[in-house]
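Chemist: To convert, note that position 175 of the sequence shown is 178 in this note's numbering; the numbers rise steadily by one, no gaps.
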Amino acid sequence: MHYTGTGRYALVMLILPVLLFACGGQQSQQDERMATATREIGEAYIRQGDYTTALRELIKARDMNPEDPFVYNDLGLCYMAKKRMPDAIANFKKAVALKPSYTPARNNLGSAYLAVKEWDAAIAIFKEIAKDALYATPQYPLSNLGLAHFHKGDYDQALQYYKDALKLQPDFVNALFGVGRTYLSLNQGRLALRYLDRAVQIAPSAAEVHYYLAEAYLLTGQIAQARTSYETVIDLAPVDSNLAAKAKQRLEIIR
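(1) Suppose you measure from the CA of E218 to the CA of F180; what does that come to, to the nearest Å?
(2) Could you please give the first and the last residue of the uninterrupted alpha helix (DSSP H) stretch that includes R201?
(3) Write down every uninterrupted run of the alpha helix (DSSP H) in the region 111 to 197 whose length is 4 residues or greater and which is fully enclosed by it, in chain order.
(4) Kindly indicate which residue of K86, R42, Y54, P89 has the alpha-carbon position closest to the one of D66.
(5) Check whether the region 98 to 114 touches the region 124 to 144, taking contact to mean three or more Cβ pairs, one atom from each stretch, closer than 8 Å.
(6) Give the range of the alpha helix (DSSP H) segment to which D77 is assigned.
(7) If I measure Cβ to Cβ from P141 and keep anything under 7 Å in the same chain, skipping five residues before and after, which residues do I get?
(8) From the DSSP output, in three-state form, read off G45 for me.
(9) I need the boundaries of the alpha helix (DSSP H) containing K251, first residue and last residue.
(10) Taking 6 Å as the limit between beta carbons, can you name the residues of its chain near P144, skipping five residues before and five after?
(11) Helix, strand or coil for S104, going by three-state DSSP, please let me know.
(12) Write down the C-beta distance between E70 and I44 rounded to the nearest angstrom, noting that I regard them as a contact closer than 8 Å.
(13) So what's N94 in DSSP terms, helix, strand or just coil?
(14) At the level of alpha carbons, what is the spacing between D123 and Q33?
(15) Could you have a look at S208 and say whether DSSP puts it in helix, strand or coil?
(16) Once the 5 residues before and after A202 are set aside, which same chain residues still bring their CB inside 7 Å of it?
(17) Taking buried to mean at least 16 other C-beta atoms within 10 Å of its own C-beta, is A151 buried or exposed?
(18) Thinking C-alpha only, which one of D174, Q160, V99, R258 is nearest I226?
(19) Helix, strand or coil for R65? Go by DSSP, reduced to three states.
(20) Using C-beta distances below 6 Å, list every residue in its chain close to R253, excluding the 5 sequence neighbours before and after it, in chain order.
(21) What does the alpha-carbon distance come out to for the pair D174 and M83?
(22) Got a sec, what are the start and stop residues for the alpha helix (DSSP H) D238 sits in?
(23) Report all residues from its chain with a CB closer than 7 Å to the CB of T56; omit the five preceding and five following residues, and keep chain order.
(24) DSSP state of D53, grouped into three classes?
(25) A209 to N190, Cα distance in whole Å?
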């Protein structure tokens, strides 16, 4: 009887931890589902442009599941929209640390570095993405590499990356604009016109493209066309914007 009792006790002791582990696993899965549902609510608010409410939901989701890389990417987007760039960068970094293959988060991290003018950090990120054979739209990191090199004054390198992007998507307006603006910086007005004219046809409501097209016309001595483009900038840009002010100044000079 003694051995039988001990055997039963041992059996109970073996089963109990298994039951506890199973219950704990179910609770963990339930918490993750709750966290995912809360994150998706936050993402819905992001799509609506309500970043404050989105942030509130996403912080709750992060606290429920602090190992979710997607919630950190979403948090980064919210902080970026609110111009809180150090917080945005920290959250994008966390997303990438948790899931190194999470390319959208890496791309967002690179964009955040561009926003704070950390050109070399942005270049390092976008080079990695551009080399990723599985990335569906490499023209975007290539164009961003062009942008970073442009701001560093590396115009030849900028042109190379922009043109590589255009090989993949010939109507990619960011790259067309980038090539045109770079040629302007090199005082090559006719080449600038070629690309900026194509860019403005694709994005006719982009005030900044019209502004640089006007600059290219001015550089090549086409005053009437420059005047028309500056007037278009004033029509399209917000009244109190720097771009509108610059266009008005240019018009006063050439009238």
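The C-beta atom is built at its ideal place from N, Cα and C for all residues, glycine as well.
Modeler: This is what the structure holds:
(1) Mapped onto the sequence shown, residue 218 falls at position 215. Mapped onto the sequence shown, residue 180 falls at position 177. One alpha carbon belongs to E218, the other to F180, and they sit about 13 Å apart.
(2) Your numbering for residue 201 matches position 198 in the sequence shown. 192 to 205 is the extent of the alpha helix (DSSP H) around R201.
(3) 122 to 133, 142 to 155, 158 to 171, 176 to 188
(4) To locate residue 66, count along the sequence shown from 1; it is residue 63. Per the Cα distances, R42.
(5) Enough Cβ pairs lie closer than 8 Å, so yes.
(6) Walking along the sequence shown from the start, residue 77 turns up at place 74. That run of the alpha helix (DSSP H) goes 72 to 84.
(7) Here residue 141 refers to the residue found at position 138 when the sequence shown is read from its first residue. So the list reads A133, L171, once near-sequence residues are dropped.
(8) Translated into positions along the sequence shown, residue 45 becomes position 42. Helix.
(9) The sequence position of residue 251 within the sequence shown is 248, counting from 1. Run containing K251: 245 to 257, per the alpha helix (DSSP H) assignment.
(10) On the sequence shown, residue 144 is found 141 positions in, with the first residue counted as 1. Here the set comprises F129, I132, A133.
(11) Along the sequence shown, read from residue 1 onward, the residue named residue 104 stands at position 101. Here DSSP, grouped into helix, strand and coil, assigns S104 to coil.
(12) Taking the first residue of the sequence shown as 1, we reach residue 70 at position 67. Taking the first residue of the sequence shown as 1, we reach residue 44 at position 41. Contact between E70 and I44 does not hold, since their C-beta atoms are separated by about 19 Å, which reaches or exceeds 8 Å.
(13) On the sequence shown, residue 94 is found 91 positions in, with the first residue counted as 1. Reduced to three states, the DSSP call for N94 is helix.
(14) The residue labelled residue 123 in the question sits at position 120 within the sequence shown. The residue labelled residue 33 in the question sits at position 30 within the sequence shown. D123 and Q33: Cα-Cα distance of roughly 42 Å.
(15) Within the sequence shown, residue 208 is the residue found at index 205, counting from 1. Coil.
(16) One-based indexing of the sequence shown puts residue 202 at position 199. Around A202: V176, L179, F180, G183, V212.
(17) Numbered from 1 along the sequence shown, position 148 holds the residue referred to as residue 151. Buried, by the Cβ-count rule.
(18) As a position in the sequence shown, residue 226 is number 223, starting the count at 1. The candidate whose alpha carbon is nearest that of I226 is R258.
(19) Sequence index remark: in the sequence shown, residue 65 carries index 62 (1-based). In this structure, R65 counts as helix in the three-state DSSP scheme.
(20) Locating residue 253 in the sequence shown gives position 250, counting from the first residue. Excluding residues within five positions, the ones whose Cβ falls inside 6 Å are Y233.
(21) Taking the first residue of the sequence shown as 1, we reach residue 174 at position 171. Taking the first residue of the sequence shown as 1, we reach residue 83 at position 80. Approximately 28 Å between the Cα atoms of the pair.
(22) Taking the sequence shown and counting its residues from 1, the one referred to as residue 238 is at position 235. Where D238 is concerned, the enclosing alpha helix (DSSP H) stretches over 226 to 239.
(23) Start at 1 with the first residue of the sequence shown, and residue 56 comes out as number 53. So the list reads Y48, once near-sequence residues are dropped.
(24) Within the sequence shown, residue 53 is the residue found at index 50, counting from 1. Three-state result, D53: coil.
(25) One-based indexing of the sequence shown puts residue 209 at position 206. One-based indexing of the sequence shown puts residue 190 at position 187. So the two alpha carbons sit approximately 22 Å from each other.
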